[in-house]
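Let me begin by presenting the structure, written as structure tokens, before commenting on it.
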Amino acid sequence: MTMKRWIAIIVAAALIFVSIGVNSLSYIFTRDFNGLFEEMRATSSSGYQENILEQGTGKDKIAVLTVDGIIQDLGNSTSIFQPSGYNHQYFMNQLNGILEDKQIKGVVLKVNTPGGGVVESADIYDAIRMIQEERGIPFYVSMGGMAASGGYYISAPADKIFVNHETITGSIGVIMESVNYAKLAEKYGIDFNTIKTGPYKDIMSGSRAMTDEERAMLQEMINDSYERFVDIIEEGRDMTEADVKKIADGRIMNGRQAIESGLADEYGKTSDVIAAMKEDYDLQKATVFEYSTLDSWSSIFGVKASKLFGSNIESELIGKLLSDYNAPRMMYLYGER
1 MTMKRWIAII VAAALIFVSI GVNSLSYIFT RDFNGLFEEM RATSSSGYQE
51 NILEQGTGKD KIAVLTVDGI IQDLGNSTSI FQPSGYNHQY FMNQLNGILE
101 DKQIKGVVLK VNTPGGGVVE SADIYDAIRM IQEERGIPFY VSMGGMAASG
151 GYYISAPADK IFVNHETITG SIGVIMESVN YAKLAEKYGI DFNTIKTGPY
201 KDIMSGSRAM TDEERAMLQE MINDSYERFV DIIEEGRDMT EADVKKIADG
251 RIMNGRQAIE SGLADEYGKT SDVIAAMKED YDLQKATVFE YSTLDSWSSI
301 FGVKASKLFG SNIESELIGK LLSDYNAPRM MYLYGER
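Shown next as structure tokens:
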């Protein structure tokens with residue numbers, strides 16, 4: 001990389017930190033602190049509050065939940081340099097709130113995601129099934145532009161699934177991948193010193209080729225997760241294993257294909273889904289709401305660095321340098337990680 005590009009990176013980084021400081025101070029001194037602390041106190045116990053979308057005349061409520069972005073639990077690894085998106089713990093808290101709120105008589109789940117981690121997807125699926133079994137309330141899914149792989153996994157238990165004509169869904173399957181840069185390292189004379197306690201401790205390491213035995217081990221793991229995915233669709237969509245596996249080969253499909261294959265029920269946008277739930281379950285007087293949150297102090301100091309960087313090689317390099325290391329893992333995911 002040329003000196004000019006390095007200088008550009010340093011200048012861009014400096015501008016980010018200056019921008020953070022200016023934006024944070026501006027936010028702090030222009031806020032109504034009484035209102036701010038009231039909001040924070042209201043959300044401190046649960047992490048969310050109810051935002052009314054349609055005011056009803058009765059006590060019943062319909063909750064609208066949203067899964068938008070890759071389904072993964074970033075834990076404490078998030079930073080100002082990572083774009084905001086799906087928050088796993090926050091979403092699980094919402095599901096727990098629905099389980100406890102006896103006035104909620106139905107849930108509309110808006111899904112717009114390429115999928116994500118197998119564990120996180122299973123978390124959501126298990127929570128939805130618990131709500132269905134213990135509360136007996138309906139779940140309707142409203143698929144957005146994409147509801148693929150893990151996005152379909154969490155949709156499968158719904159009582160009805162609605163799609164748009166251009167929705168991308170399907171991609172039923174499991175993927176696990178890593179980058180093998182051994183030949184590239186060899187070309188540039190880079191050696192790796194690895195000390196390990198067993199022959200498989202560095203399985204899927206990028207510094208060496210994978211053996212056939214290792215590949216077989218990982219394939220067995222992948223197959224187990226795949227079979228669970230198939231079972232969930234069998235149960236949720238009342239399909240036979242053979243019918244599911246005809247389309248559970250990783251293919252994606254649009255809304256029409258999803259309906260014809262039995263993976264979805266009807267066309268409809270979110271407003272249509274809410275109206276259908278009201279009609280189907282006599283909830284015309286219900287209040288429709290969604291959960292919202294005051295993201296505590298992170299909303300005061302947070303900033304999307306991606307907007308400042310833009311899409312260029314320097315921003316990608318900085319993102320790589322600042323991001324945490326993630327080992328290869330199984331994913332219900334369509335597209336790139």
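If you count the sequence shown from 1, position 70 lands on 70 in full-length UniProt numbering, and the numbers rise without skipping. Even glycine gets a Cβ: it sits at the ideal position worked out from N, Cα and C.
In its own chain, which residues sit with a C-beta less than 7 Å from the C-beta of residue i, not counting the 5 before and 5 after it?
i	result
A209	N180 and A182
Y125	Y153, I154, P157 and I232
G335	P114
G177	For the record, residue 177 in the displayed sequence is Glu; it is not Gly. Cβ neighbours of E177 beyond the five flanking positions: P328.
E134	L99
Say the cut is 6 Å; is the CB of residue i nearer than that to a heavy atom of the ligand ADP?
i	result
S207	This structure simply doesn't include the ligand ADP, nor any ligand for that matter.
Can you look up residue i in the DSSP assignment and give me helix, strand or coil?
i	result
N93	helix
D212	helix
L36	With a pLDDT of only 45 at L36, under the threshold of 50, the placement of this residue in the model should not be trusted; the figure read from the coordinates follows. Reduced to three states, the DSSP call for L36 is helix.
Q49	strand
D68	strand
L333	strand
N223	helix
I252	strand
L263	coil
Alpha carbon to alpha carbon, how far is residue j from residue i? Give it in angstroms, no decimals.
i	j	result
N193	R251	40 Å
I28	V141	No answer about I28 holds up, because its pLDDT of 49 lies below 50 and its placement is not dependable.
A327	G117	12 Å
residue 345	D212	Because residue 345 is not part of the residues shown, which for the chain are 1 to 337, the question remains open.
G56	E214	58 Å
S24	G85	Note that S24 has pLDDT 49, beneath the 50 cutoff, so the model's placement of it is unreliable and no number is given.
R41	G144	Only weak support exists for where R41 lies, its pLDDT of 45 falling under 50; the value from the coordinates is given anyway. Approximately 33 Å between the Cα atoms of the pair.
E50	M330	34 Å
A122	Y188	42 Å
I137	T270	18 Å
For residue i, I'd like the list of residues in its chain whose CB is within less than 6 Å of its CB, leaving aside the five on either flank, ordered along the chain.
i	result
G151	V111, T113 and G115
S149	G115, S171, Y332, L333 and Y334
N164	G255
D191	none
E220	none
Between which residues of its own chain and residue i is the CB-CB distance below 8 Å, once the five residues before and five after are set aside?
i	result
K59	Q103
E120	I71, Q72, D73, H88 and G150
M253	I168, T169, G170, I247, S261 and L263
Mind reading off the beta-carbon distance from residue i to residue j? Whole number of angstroms is fine, and I expect it under 8 Å.
i	j	result
V108	I274	6 Å
F289	L53	6 Å
E235	V244	Wrong, their Cβ atoms sit about 10 Å apart, outside the cutoff.
- Query: Counting pairs of Cβ atoms below 8 Å between the stretch 283–292 and the stretch 200–207, do you hit three or more?
  - Reply: no
- When the Cβ atoms of the stretch 263–281 are set against those of the stretch 157–175, are three or more pairs found closer than 8 Å? yes
- Specify whether the stretch 124–139 and the stretch 93–109 touch according to this definition: at least 3 beta carbon pairs, one from each stretch, less than 8 Å apart. yes
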